[in-house]
Amino acid sequence: GAVVSQHPSRVICKSGTSVKIECRSLDFQATTMFWYRQFPKQSLMLMATSNEGSKATYEQGVEKDKFLINHASLTLSTLTVTSAHPEDSSFYICSARGLAALSLETQYFGPGTRLLVL
Amino acid sequence: DQQVKQNSPSLSVQEGRISILNCDYTNSMFDYFLWYKKYPAEGPTFLISISSIKDKNEDGRFTVFLNKSAKHLSLHIVPSQPGDSAVYFCAASLGGSNYKLTFGKGTLLTVNP
């Protein structure tokens, strides 16, 4: 149980285009979803927290107009990187927290999406 | 200001021996701690957690110890297996409505056959 999927797993795009990444909780309802970014050999950096049906809360320094987050249902959240630039190339990981968790603090992570902007 | 610290970037142990991964934190308001395992190009996998009201939690080969006075926790893996080789992240939560996790930088564990 508590499986989270992400799609696509890998994407290459041209500079200036927008890319959408989907995060789905497959076997539980995710009351809260989180989006992280990981640079090589670094820790996971929380970008934003989203609760179903409400606006996402962004961490300091994260541009909300550049990283659009939609959490329209209890099983789906999307991250859209708008007008992507090479510096946006990174590994993006989502996680979900819900009633299936062993505790409300436990987050279950997706497999991640590798974004490369040329 | 890094609130969760994993001071050892890497650890190498022999198969069958004990692996001890350490984590220190600075924020005394953290009330829940988790360990995640991560392979390259994959998302972290939840391993084990512990509430601040406990000092030990065990699950199979994995045991987490919490020393609140020292603001220190550790993950023990015994016996270690080659398949345990991965990056291990320590994370802490303040609780509250968002349940945000603060992660350490990770420790690369290599278990040699």
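Protein chains in written order, with my numbering: chain E, 1339 to 1456; chain R, 3 to 115.
Just so you know, even glycine gets a beta-carbon here, dropped at the ideal spot from N, CA and C.
Close Cβ partners of E:Ala-1394 (< 6 Å) along its chain, the five nearest in sequence each way excluded: Reading the first sequence from its first residue, position 56 is the one you call residue 1394 of chain E. Counting only Cβ-Cβ distances below 6 Å, and skipping sequence neighbours, we find Ala-1386, Ser-1388 and Ile-1407.
contact_flag[the segment 1407 to 1425 of chain E, the segment 1355 to 1365 of chain E] where n(CB pairs < 8 Å) is 3 or more: yes
Alpha carbon of R:Leu-96 to alpha carbon of R:Asp-61, nearest angstrom: Along the second sequence, read from residue 1 onward, the residue named residue 96 of chain R stands at position 94. Along the second sequence, read from residue 1 onward, the residue named residue 61 of chain R stands at position 59. Approximately 23 Å between the Cα atoms of the pair.
Residues that DSSP places opposite R:Phe-105 in a beta bridge: Taking the first residue of the second sequence as 1, we reach residue 105 of chain R at position 103. In DSSP, R:Phe-105 forms a bridge with R:Ala-93.
Terminal residues of the beta strand (DSSP E) in which R:Val-66 lies: The count along the second sequence starts at 1 and reaches residue 66 of chain R at position 64. That run of the beta strand (DSSP E) goes 64 to 69.
Where E:His-1409 falls, given that 16 or more other Cβ within 10 Å makes a residue buried: Within the first sequence, residue 1409 of chain E is the residue found at index 71, counting from 1. Label assigned to E:His-1409: buried.
Cutoff 8 Å: R:Ser-71 Cβ touching any chain E Cβ: To locate residue 71 of chain R, count along the second sequence from 1; it is residue 69. Cβ-Cβ to chain E under 8 Å: no for R:Ser-71.
C-beta neighbour in chain E for R:Tyr-27, strict 8 Å: Position 25 of the second sequence, counting from 1, holds the residue named residue 27 of chain R. Answer no: the Cβ-Cβ gap between R:Tyr-27 and chain E never drops below 8 Å.
Closest Cα partner of E:Tyr-1446 within the set E:Tyr-1396, E:Gln-1367 and E:Arg-1348: Position 108 of the first sequence, counting from 1, holds the residue named residue 1446 of chain E. Comparing Cα positions, the closest option is E:Gln-1367.
E:Ala-1340 classed as buried or exposed, judged by whether at least 16 other C-beta atoms fall within 10 angstroms: For the purposes of this step, residue 1340 of chain E is taken as residue 2 along the first sequence, with counting starting at 1. The residue in question, E:Ala-1340, is buried, as its Cβ has 16 or more Cβ neighbours within 10 Å.
Where R:Glu-170 falls: helix, strand or coil (DSSP): The question about residue 170 of chain R has no answer here: the residues shown for chain R are numbered 3 through 115.
E:Thr-1451, enclosing beta strand (DSSP E) - first and last residue: Indexing the first sequence from 1 puts residue 1451 of chain E at position 113. Looking at the DSSP string, the run of the beta strand (DSSP E) that includes E:Thr-1451 is 1451 to 1455.
Contact set for E:Phe-1377: own chain, Cβ-Cβ below 7 Å, skip 5 residues either direction: Within the first sequence, residue 1377 of chain E is the residue found at index 39, counting from 1. These residues qualify, in order along the chain: Ser-1428.
Enclosing beta strand (DSSP E) for E:Lys-1352 [first to last residue]: Along the first sequence, one-based indexing puts residue 1352 of chain E at 14. Segment: none, E:Lys-1352 is in no beta strand (DSSP E) and carries neither H nor E.
Which residues DSSP lists as bridging R:Asn-114, in chain order: The residue you call residue 114 of chain R lines up with position 112 of the second sequence. Bridge partners of R:Asn-114: R:Gln-16.
Contacts of R:Tyr-90 in chain E (Cβ-Cβ under 8 Å): On the second sequence, position 88 is the one that residue 90 of chain R refers to. Neighbours of R:Tyr-90 on chain E: none; closest Cβ ~12 Å, over 8 Å.
As assigned by DSSP and simplified to three states, the class of E:Glu-1390: One-based indexing of the first sequence puts residue 1390 of chain E at position 52. Coil, per DSSP.
Assigned exposure category for E:Met-1371 - 16 Cβ within 10 Å defines buried: In the first sequence, residue 1371 of chain E corresponds to position 33, counting from 1. Flag for E:Met-1371 reads buried.
Selected residue, minimal CA-CA separation from R:Phe-35, among R:Tyr-41, R:Ser-21 and R:Asp-26: Taking the second sequence and counting its residues from 1, the one referred to as residue 35 of chain R is at position 33. Of the listed residues, the one whose Cα sits closest to R:Phe-35 is R:Asp-26.
Closer than 7 Å at the beta carbon, the chain R residues around E:Thr-1413: On the first sequence, residue 1413 of chain E is found 75 positions in, with the first residue counted as 1. Ordered by position in chain R, no residue passes the 7 Å Cβ test against E:Thr-1413, which lies about 17 Å from the chain.
DSSP state of E:Glu-1425 mapped onto helix, strand, coil: As a position in the first sequence, residue 1425 of chain E is number 87, starting the count at 1. Helix, per DSSP.
C-alpha gap between R:Leu-68 and R:Lys-40, whole angstroms: Looking up residue 68 of chain R in the second sequence gives position 66. Looking up residue 40 of chain R in the second sequence gives position 38. Distance between the alpha carbons of R:Leu-68 and R:Lys-40: 22 Å.
Chain-ordered chain E contacts of R:Glu-44 [CB-CB under 7 Å]: As a working mapping, residue 44 of chain R is identified with position 42 in the second sequence. Neighbours of R:Glu-44 on chain E, chain order: Pro-1449 and Gly-1450.
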